[in-house]
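Quick notes on the structure that follows.
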Amino acid sequence: MSEPIVPSKLYVGIWITLLCLTVITAGASFIDLGPLNTVVALVIATFKALLVVLFFMHVKYASEKLSKMVVVAAVFWLLLLLTLSMADYVTRLWS
Amino acid sequence: MATAAITAERENYLNREYGIRSWLLTTDHKRIALLYLLSITFFFFIGGFFALLIRLELLTPAGDLVQADTYNKLFTMHGQVMVFFFLIPSIPAVLGNFLVPLMIGARDLAFPRINLLSWYLYIIAGVMMLHCILTGGADTGWTFYTPFSTAFSNTKVVEAGLAIFVSGFSSILTGLNFVVTIHRMRAPGMTWSRLPLFIWAHYATSIIQLLGTPVLAVTLLLVVLERALHLGIFDPTRGGDPLLFQHLFWFYSHPAVYIMILPAMGVVTEIVPCFSRKRIFGYKFVAMSSIAIAVFGFLVWAHHMFVAGISLYSALIFSILSYLVAVPSAIKVFNWTATMYKGSISFATPMLYAFGFIGLFTMGGLTGLFLAALGIDVHVTDTYFVIAHFHYIMVGGAVMGYLGGMHFWWPKISGRMYPEFWGKLAAMIVFIGFNLTFFPQFILGYLGMPRRYWQYPPEFQVLNVLSTAGSTILAVGYLLPMVYFLWSMRYGKLAEDNPWGASGLEWTTTSPPPTFNFDRTPEVTWEAYDYANIAAPEEAPVEQ
Amino acid sequence: MSNSPIAVEQHNPALRHHFADMEQQRQASSLGMWVFLATEVMFFGGMFCAYLIYRYWYFNEFAAGSRSLDIWLGTINTAVLICSSLTVALGVRAAQMGKRKLLVVLLLLTIVFGVAFLGIKGVEWYTKFQEHHIPGSSFSADNLIKEYPQIRIDPSHEQIFFSLYFAMTGLHALHMIIGVGIFTFLTYYAWKGRYTPEYHNPVEIGGLYWHFVDIIWIYLFPLLYLIDRKPLK
């Protein structure tokens, strides 16, 4: 059995952080930050996702690097799809 | 098939259990491979039947065999069946399933029950597809372009889409099984750099299957929802973008062609060293180029959309990337050639197919570069030039790789030798038939004959007649192995463990292997393709 | 037939015959679930791509549609899923420590949270139905046009927003239902005492799946509910 046992206090701490971030992101949407609204929302969402991946899904404690690589690969491929597709839409009106 | 007259005293995976239940409920990767072999051969016949109807119609310039709408269905069903029910599964599901555990020294794949589930999903999808075909089929082209498929076609688009959706999950599960197996179940001493390159090829293929197929799945789902619920996601009159469908569709369907070719390249990389009695030249380059093809293959999809309305700037990006993706493929061709240089070459049937592959794949690949050039593409896109290009790769390449692999590993799979004379003859017939069928199509396309048209100007008839003649020869070439493989199961010479004197763990066990593959878990202390230390077979394969 | 010297492990009833030992089996099933989750990222990813493009094109309609979603229910649902992820993580921990009863309680709580999420989602969808925001022949954006005169709204573009809203939340809900199903099985087997500190991999990988579905919602919430809630001039 190679997975270490994480103290429950840490889980509860992450849980509280996630709840706070949820309230913050909801509240921030009411404040006019211009184009930064979207950025803030996505940054907070990504931070929340990272907390879940690293701590709840044990990636931080994983002995093999393979699960980390799988996560990185999945995110990278998704970004490939999004960016290369958007490259078409963003440049359509250029000429 | 379960009643092959094997006089071996040894127990093997074929004679261990008899009866339909032992096959339909098996979790033995070798038996599942044979289940797939039967199923994909069946669909090959279906897809081939549609191909013959297409070629028959195109014998004359007039549309006189079938109606135009029917012709649309013919090429649609030919494409859907051949791509999703034959080519995509072919080598991975048959040869991959059979060989991956054997080659790495494992007892089975990581998830044997998921392997069986994968086959059942394929069968369910196949039944759905057959029902779709028998009740009229779809007429959208295998590419399902919107808004025709979502708003205007009156045919079985939803059924076809759902059938392919289900088949996609079969593909995903196969890829998942291979990746986990290759990572976790290699025998002691079988390091990554000692793996046969067939394994590297299947690893790369699995990455594509895993990361690409889900996008196709969700896209087909959206098409089905749009058709069923009258949404407007792809409908330009309601603000939708038809190109969004194409982006999502090709994001999978371009890497899909690498799913079809990489395993064939893996097969060739096993055959060439064996029949050159020489280790592969540049092992690392072949391994890395497989991974490179898998990754770069995801960066080029919009080269299918150059004239569809994407921005010029993104077209430029995708054009350059498409040139880049040719590089790793070319590297492989150099490696195969360099392996043969100063090798001791023999011309057994598998090697004939490998030669055919190298030549025809190179031609197909080079013509891809024509298409990747924006200016030329405007002229030849949606013409027979494209059709010739992809058939050179998928038929001249992938199918020849598949046949070469079937011949190479047939002794291991069945415990019998196929008749070598007929093997060579069939290979020649396939090669001649193939070139006669598809080379004229390059010319036709360049001269301007559009694809998917059921009638054409009379000046194109001679080339079309040549192509149809070729297709009948090709059909004969394909039928021959089916006959003599079956014949060999009863009358073929019994095969030794390693009739080719080949490297690889699969050849160290019996032909056919026992259910659990090895009597003792192998411990690997030698490098791959160790031909310097492997004796060549004492006699050439006996001609029967 | 294995060369492994650990005879005791080979007699673990949970060891499947093609694996050399329990550790290999555990690693294989974990890797299998991670790889599967990667495919799920791409599965949802296709819809995120469609969303991204249409939000770029039709920001006004997306903003209006987003405003019409109930932010309280959305926030509460997010919190519900976060609580469920906590119970899952604590459940895996309980399995690691061999605490059977605690494990069963935590798995049951997870199911309760999951069902609560689905219930709230059902309420939200019903509200959409009442407001004629379900895409199809009965779709109407009139109430949005009336409510937000400051935003230029094209009804067909608005329908695209709601098509994506239902497609994405629907696919997510389907995954939640499957998750609840999986956890029902896990709870049953946990209650039967199948999971021990040496063998509790199904709980671990079931947990991975559940966390993944939570992460999808962590992104869906701001992307659907929080597009633009700035006070209108």
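Chains as they are written, first to last, in the numbering used here: chain A, -5 to 89; chain B, 1233 to 1776; chain C, 12 to 244.
In this text, a Cβ means the ideal position worked out from N, Cα and C, and glycines have one as well.
Note that the structure is a prediction, hence the values are computed from the model and not measured.
Min CB distance residue i to chain A below 8 Å
| i | result |
| --- | --- |
| S79(C) | no |
| F30(C) | no |
| A90(C) | yes |
| L175(C) | no |
| H1434(B) | no |
| F1277(B) | no |
| P233(C) | yes |
| F1483(B) | yes |
| H222(C) | yes |
| S1522(B) | no |
| K112(C) | no |
| I122(C) | no |
Chain-ordered neighbours of residue i on chain C, where CB pairs are closer than 7 Å
| i | result |
| --- | --- |
| K42(A) | I229 |
| D1340(B) | H29 |
| F1343(B) | G43 |
| L12(A) | I93 |
| V1412(B) | A39, L42, G43, V46 |
Reduced DSSP secondary structure (H/G/I, E/B, other) of residue i
| i | result |
| --- | --- |
| T1378(B) | coil |
| T1613(B) | coil |
| P1682(B) | strand |
| R1263(B) | helix |
| L1726(B) | strand |
| R1511(B) | coil |
| R1648(B) | strand |
| E1775(B) | Low confidence applies to E1775(B): its pLDDT is 49, below 50, so where it sits in the model is not reliable enough to give any reading. |
| E1502(B) | helix |
| D225(C) | helix |
| G1655(B) | helix |
| F30(C) | coil |
| Y206(C) | coil |
| G109(C) | coil |
| G1486(B) | The residue you asked about is not Gly; residue 1486(B) is His in the sequence shown. Of the three classes helix, strand and coil, the one that applies to H1486(B) here is helix, per DSSP. |
| R66(C) | helix |
| A1734(B) | coil |
| L80(C) | coil |
Within-8 Å CB hit, residue i to chain C
| i | result |
| --- | --- |
| D1614(B) | no |
| R1248(B) | no |
| T1741(B) | no |
| T16(A) | yes |
| M1446(B) | The residue asked about is misnamed: residue 1446(B) is Pro in this sequence, not Met. Yes, contact with chain C. |
| F24(A) | yes |
| H1415(B) | yes |
| W71(A) | yes |
| L60(A) | yes |
Chain B contact residues for residue i, given Cβ-Cβ distances below 7 Å
| i | result |
| --- | --- |
| S79(A) | H1479 |
| P146(C) | L1461, L1463 |
| S167(C) | G1464, R1470, G1471 |
| A245(C) | Residue 245(C) is absent from the structure shown; chain C starts at 12 and stops at 244. |
Cβ neighbour criterion (16 or more within 10 Å) applied to residue i
| i | result |
| --- | --- |
| E1391(B) | buried |
| E215(C) | buried |
| P16(C) | Per-residue confidence for P16(C) stands at a pLDDT of 45, beneath the threshold of 50, marking its modelled position as unreliable; the derived number appears in the next sentence. Counting Cβ neighbours within 10 Å, P16(C) comes out exposed, since fewer than 16 surround it. |
| L7(C) | Given that chain C is displayed from residue 12 to residue 244, the structure contains no residue 7(C) and the question cannot be resolved. |
| N1765(B) | exposed |
| E1243(B) | exposed |
C-beta neighbour in chain B for residue i, strict 8 Å
| i | result |
| --- | --- |
| L76(A) | no |
| A201(C) | no |
| M53(C) | yes |
| G76(C) | no |
| A178(C) | yes |
| Q161(C) | no |
Where residue i meets chain B, residues with beta-carbon distance less than 8 Å
| i | result |
| --- | --- |
| M58(C) | V1450, L1454 |
| W9(A) | What W9(A) touches in chain B: nothing, since even the nearest Cβ is about 30 Å away. |
Cross-chain neighbours of residue i in chain B, by beta carbon under 9 Å
| i | result |
| --- | --- |
| Y69(C) | G1471 |
Contacts that residue i makes with chain C (C-beta to C-beta distance below 9 Å)
| i | result |
| --- | --- |
| L1531(B) | Going along chain C, no residue has its Cβ under 9 Å from L1531(B), so there is no contact; the nearest lies around 15 Å. |
(request) Only counting runs of 4 or more residues, tell me where the alpha helix (DSSP H) segments fall wholly within the region 1342 to 1370 of chain B, in order along the chain. (result) 1344 to 1366
(request) Give, in chain order, every residue of the region 40 to 51 of chain C whose Cβ lies closer than 9 Å to some Cβ of chain E. (result) Included in the structure are the protein chains A, B and C, with no chain E among them.
(message) So within the region 1238 to 1310 of chain B, which uninterrupted alpha helix (DSSP H) runs reach at least 4 residues, ignoring any that extend past its ends?
(response) 1252 to 1256, 1261 to 1289
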